[in-house]
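In the working numbering, the protein residues as written are 22 to 312.
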């Protein structure tokens, strides 16, 4: 349709064509941009590879399958093999490679020190089958000595096996001149381990704090302490003073040996003279043989 003179003449199909051209141009621009983007070569991406985890060499170690108390006998059911890192295998451990029949051969051995569950079985904590119980528990160079005790001289009966005590010697010093006899007490041993009270090596598991009133206490001593405590018991009474657990590292009393002496009368006065041990023995024998 045409309009009158003085007005702009338009055709309906002209507007549609313009829109089509604009759309085609936009589409072409978008396609060109996409081609430019995807036509570029990909930038290489560096991929970090995870380091390989080194495999840990393992060994089979003999361990306790359950808690094993001190003084118990090993049973086959109380032991088992368990994987263990080779780098953590101690020299005292028992391995399947070195002793494949260890479970059978160690059955019946005496346990000198308690094992916890899954703790490696160590040969130094075992005593061969048939070994005496108390002798197996004693460290090298130690002796077990029983001393007479009562509730009065064992901290009221609170001294239990595995406690640490001081040994106090009480004796009567004879009268000297006008002085009357006197009772004297002194600590002769300190930090001594109690092995047993009577014949009980362990406290009652159901009541570990139960008071044990015994007539004898077995102490762990060295040979010099054995001599000292035997002489002290013959000349008086012994008491056990219970030590605090905080004082267990205190050093023990050193055993002092008295130098042998003899009495010599000179000018009506007696003098005490120190002599060598073999000389004192000779003088003693000469005195006994003299009329």
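We put the CB at the ideal spot given by N, CA and C, even for glycine.
If residue i and residue j are in contact, beta carbons under 8 Å, what's the gap, nearest whole angstrom?
i, j, result
"residue 12", "residue 214", "Examination of residue 12 is not possible in this model, given that the chain is present from 22 through 312 alone."
"residue 149", "residue 134", "With a Cβ gap of about 15 Å, residue 149 and residue 134 do not count as contacting."
"residue 80", "residue 118", "7 Å"
Starting from residue i, trace the alpha helix (DSSP H) both ways and give me its first and last residue.
i, result
"residue 203", "Unbroken run through residue 203 is the beta strand (DSSP E), 203-218; no alpha helix (DSSP H)."
"residue 156", "154-158"
Restricting to Cα atoms, I'd like to know which of the options is closest to residue i.
i, options, result
"residue 190", "116, 45, 262 and 98", "262"
"residue 137", "156, 121, 89 and 169", "89"
"residue 218", "107, 248, 125 and 168", "168"
"residue 83", "153, 265, 103 and 69", "103"
"residue 77", "95, 110 and 94", "110"
"residue 266", "115, 100 and 185", "185"
"residue 98", "181, 87, 92 and 108", "87"
"residue 179", "38, 200 and 260", "260"
"residue 95", "164, 125 and 160", "125"
"residue 141", "105, 165 and 156", "105"
"residue 201", "193, 207 and 165", "193"
"residue 246", "256, 210 and 216", "210"
"residue 238", "183, 207, 256 and 117", "183"
"residue 93", "195, 154, 216 and 163", "154"
"residue 236", "67, 170, 70 and 115", "170"
Would DSSP call residue i helix, strand or coil?
i, result
"residue 247", "helix"
"residue 42", "helix"
"residue 75", "coil"
"residue 256", "helix"
"residue 263", "strand"
"residue 308", "Note that residue 308 has pLDDT 47, beneath the 50 cutoff, so the model's placement of it is unreliable and no number is given."
"residue 268", "helix"
From the beta carbon of residue i, is the nearest beta carbon of chain D less than 8 Å away?
i, result
"residue 138", "The structure shown contains no chain D; it is built from a single protein chain."
How far does the beta strand (DSSP E) with residue i in it reach, from first residue to last?
i, result
"residue 187", "185-194"
"residue 241", "237-242"
"residue 164", "164-169"
Secondary structure, alpha helix (DSSP H): runs of 4+ residues fully inside the region 78-145: The DSSP assignment places 123-127 as complete runs of the alpha helix (DSSP H) inside the region 78-145, in order along the chain (cut-off: 4 residues).
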